[in-house]
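Under the numbering used here, think of the first position of the sequence shown as 4, with each following residue one higher.
Beta carbons are placed, not taken as given, at the ideal position from N, Cα and C, and that holds for glycine.
Worksheet: one structure, shown below.
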Amino acid sequence: MHVKTTAGDELIRKNGCDIRQLYPWDGVVTPPWNSTLCSIRPEESSTPHGHDTDETFIFITGQGQARVGDEERAVTPGDVIYIPHGTRHIVTNTSADEPLTFVSIYWLQPAR
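Written out as C-alpha coordinates, the structure is:
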(Lines of atoms letter the chains of each structure in order from A and count residues from 1; the text may use other names and numbers.)
(Lines give C-alpha, C1' and ligand atoms only; values in the text may rest on other atoms or scores of the structure.)
Protein backbone atom coordinates (compact mmCIF):
# COMPACT_ATOMS: atom_id res chain seq x y z
CA MET A 1 0.00 0.00 0.00
CA HIS A 2 1.15 3.51 -0.82
CA VAL A 3 -0.24 6.47 1.10
CA LYS A 4 0.05 10.11 0.10
CA THR A 5 -0.42 12.57 2.96
CA THR A 6 -1.00 16.29 2.83
CA ALA A 7 1.98 16.84 5.11
CA GLY A 8 4.33 15.65 2.38
CA ASP A 9 2.96 17.80 -0.42
CA GLU A 10 3.26 21.48 -1.16
CA LEU A 11 0.22 23.30 -2.47
CA ILE A 12 0.71 25.11 -5.74
CA ARG A 13 -1.32 28.20 -6.65
CA LYS A 14 -2.51 27.79 -10.26
CA ASN A 15 -5.46 29.22 -12.19
CA GLY A 16 -6.80 30.81 -8.98
CA CYS A 17 -6.85 27.47 -7.09
CA ASP A 18 -4.70 25.88 -4.40
CA ILE A 19 -3.67 22.62 -6.08
CA ARG A 20 -2.16 19.38 -4.83
CA GLN A 21 -0.96 16.95 -7.51
CA LEU A 22 -2.40 13.45 -6.94
CA TYR A 23 -1.44 11.59 -10.15
CA PRO A 24 0.93 10.82 -11.70
CA TRP A 25 2.51 9.70 -8.45
CA ASP A 26 6.29 9.68 -8.83
CA GLY A 27 7.80 6.29 -8.15
CA VAL A 28 4.37 4.67 -7.65
CA VAL A 29 2.15 4.85 -10.74
CA THR A 30 1.75 6.79 -13.97
CA PRO A 31 -1.81 6.26 -15.23
CA PRO A 32 -3.01 7.49 -18.66
CA TRP A 33 -4.64 10.45 -16.89
CA ASN A 34 -3.66 13.07 -14.33
CA SER A 35 -5.45 14.22 -11.20
CA THR A 36 -5.27 17.12 -8.77
CA LEU A 37 -7.05 18.09 -5.57
CA CYS A 38 -8.22 21.69 -6.01
CA SER A 39 -9.44 24.19 -3.43
CA ILE A 40 -10.89 27.62 -4.13
CA ARG A 41 -10.77 30.06 -1.24
CA PRO A 42 -14.00 31.62 0.11
CA GLU A 43 -15.53 34.24 -2.21
CA GLU A 44 -12.84 33.69 -4.87
CA SER A 45 -12.91 32.26 -8.39
CA SER A 46 -10.59 30.30 -10.60
CA THR A 47 -9.26 32.22 -13.57
CA PRO A 48 -11.16 31.59 -16.81
CA HIS A 49 -9.12 29.09 -18.82
CA GLY A 50 -9.25 26.03 -21.07
CA HIS A 51 -7.01 23.02 -21.70
CA ASP A 52 -5.91 20.68 -24.47
CA THR A 53 -7.29 17.87 -22.29
CA ASP A 54 -10.80 16.74 -21.38
CA GLU A 55 -11.50 17.23 -17.69
CA THR A 56 -13.92 16.11 -14.99
CA PHE A 57 -14.53 17.82 -11.64
CA ILE A 58 -15.89 15.87 -8.66
CA PHE A 59 -17.00 18.31 -5.95
CA ILE A 60 -16.20 17.26 -2.36
CA THR A 61 -16.91 20.19 -0.02
CA GLY A 62 -18.40 23.67 -0.19
CA GLN A 63 -20.76 25.32 -2.62
CA GLY A 64 -20.26 27.38 -5.70
CA GLN A 65 -20.99 28.11 -9.34
CA ALA A 66 -19.38 26.44 -12.34
CA ARG A 67 -19.40 27.98 -15.80
CA VAL A 68 -18.41 25.75 -18.72
CA GLY A 69 -18.62 27.52 -22.07
CA ASP A 70 -21.97 29.36 -22.02
CA GLU A 71 -23.56 27.14 -19.35
CA GLU A 72 -23.59 28.00 -15.64
CA ARG A 73 -24.99 26.12 -12.66
CA ALA A 74 -24.69 25.75 -8.89
CA VAL A 75 -22.40 22.97 -7.62
CA THR A 76 -22.46 21.15 -4.28
CA PRO A 77 -20.71 18.06 -2.83
CA GLY A 78 -21.26 14.97 -4.97
CA ASP A 79 -21.78 16.90 -8.22
CA VAL A 80 -19.67 15.83 -11.21
CA ILE A 81 -19.12 17.97 -14.30
CA TYR A 82 -17.41 17.11 -17.59
CA ILE A 83 -15.46 19.74 -19.53
CA PRO A 84 -14.55 19.00 -23.16
CA HIS A 85 -11.02 19.97 -24.24
CA GLY A 86 -10.69 23.56 -25.41
CA THR A 87 -13.75 24.76 -23.47
CA ARG A 88 -13.22 27.78 -21.23
CA HIS A 89 -14.37 27.24 -17.68
CA ILE A 90 -14.42 29.00 -14.32
CA VAL A 91 -15.44 27.88 -10.83
CA THR A 92 -16.55 30.37 -8.15
CA ASN A 93 -16.76 29.70 -4.42
CA THR A 94 -19.98 31.35 -3.21
CA SER A 95 -19.30 30.68 0.49
CA ALA A 96 -17.97 33.41 2.76
CA ASP A 97 -16.17 31.01 5.10
CA GLU A 98 -15.67 27.54 3.59
CA PRO A 99 -13.33 26.43 0.78
CA LEU A 100 -14.81 24.83 -2.33
CA THR A 101 -12.89 21.59 -2.87
CA PHE A 102 -12.97 19.24 -5.84
CA VAL A 103 -10.93 16.56 -7.57
CA SER A 104 -9.92 17.29 -11.16
CA ILE A 105 -9.20 14.34 -13.45
CA TYR A 106 -7.89 15.17 -16.92
CA TRP A 107 -6.74 13.22 -19.96
CA LEU A 108 -5.99 13.47 -23.66
CA GLN A 109 -8.49 11.87 -26.00
CA PRO A 110 -6.96 9.03 -28.05
CA ALA A 111 -6.16 9.84 -31.67
CA ARG A 112 -8.89 8.73 -34.06
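At 3 residues or longer, what runs of the beta strand (DSSP E) sit wholly inside the segment 21-54? 37-43
Exposure of Val31, with buried meaning 16 or more beta-carbon neighbours within 10 Å: exposed
From the DSSP output, read off the bridge partner residues of Leu103. Ile43
With distance defined between alpha-carbon atoms, name the residue in Ala99, Thr8 and Pro87 nearest to Glu46. Ala99
Glu58 classed as buried or exposed, judged by whether at least 16 other C-beta atoms fall within 10 angstroms: buried
For Thr56, does the three-state DSSP call read helix, strand or coil? coil
Contacts around Phe62, its chain only, beta-carbon distance under 6 angstroms, and the 5 residues preceding and following it disregarded: Val78, Pro80, Asp82 and Phe105
6 angstroms CB neighbourhood of Asp21 in its chain, flanking five on each side removed: Leu14 and Ser42
Determine the contact status of Val71 and His92, defining contact as a CB-CB distance below 9 angstroms. yes
Within 10 Å of its beta-carbon, does Leu103 have 16 or more other beta-carbons around it, so buried, or fewer, so exposed? buried
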